[in-house]
Amino acid sequence: MIKHIFQYLQGTALFGTFFDGGDEPVAYTDSDFGGDVNTGQPTSGVLILPGGPLVWYAQKQRLVATSTAEAEYRAAVSLIDEIAGFDVCAVNSECWTSESQ
Numbered sequence: 487m488i489k490h491i492f493q494y495l496q497g498t499a500l501f502g503t504f505f506d507g508g509d510e511p512v513a514y515t516d517s518d519f520g521g522d523v524n525t526g527q528p529t530s531g532v533l534i535l536p537g538g539p540l541v542w543y544a545q546k547q548r549l550v551a552t553s554t555a556e557a558e559y560r561a562a563v564s565l566i567d568e569i570a571g572f573d574v575c576a577v578n579s580e581c582w583t584s585e586s587q
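Per the working numbering, the sequence shown runs over residues 487 to 587.
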């Protein structure tokens with residue numbers, strides 16, 4: 487088993503997520519309306535890219551939305567929560583811009 491793990495690591499040593507640091511952070515979010523057939527709960531997704539994917543996930547929203555706009559609003563709030571979780575210095579400074587290099 488250990489031998490297979492090391493073979494895998496050796497074969498995939500150059501695989502990974504690369505951050506070039508030259509791009510401004512970009513964030514995306516999307517949601518569906520009542521996507522879960524059984525519960526009617528919407529599913530939302532978040533993607534934050536500061537030169538490479540930093541945060542990405544899809545999850546069911548906790549409550550059933552009464553409209554598409556409400557589901558999209560909740561997805562946007564999830565995105566804002568993720569952005570607020572970053573270090574204030576990294577978000578407000580020029581850590582991801584070409585001027586900081």
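Ideal Cβ placement from N, Cα and C applies to all residues, glycine included.
Does the distance from the CB of Leu549 to the CB of Thr515 come in under 9 Å? no
Between the C-alpha atoms of Thr525 and Gly571, what's the straight-line distance to the nearest angstrom? 29 Å
Taking C-beta to C-beta, are Gly520 and Ala551 nearer than 9 Å? yes
So what does DSSP say about Thr515, is it helix, strand or coil? strand
Please report the distance separating the alpha-carbon of Met487 from that of Ala544. Distance between the alpha carbons of Met487 and Ala544: 32 Å.
If you check the beta carbons only, do Pro534 and Glu558 fall under 9 Å apart? It is Ile, not Pro, that sits at residue 534 in the sequence shown. Their beta carbons are not under 9 Å apart, which means Ile534 does not touch Glu558 by this criterion.
Counting only the same chain and skipping the five closest in sequence on each side, list residues whose C-beta sits under 6 Å from that of Ala560. Checking the sequence shown, residue 560 turns out to be Arg, not Ala. If we look at Arg560 and ignore the five residues flanking it on each side, its Cβ neighbours are Gln547.
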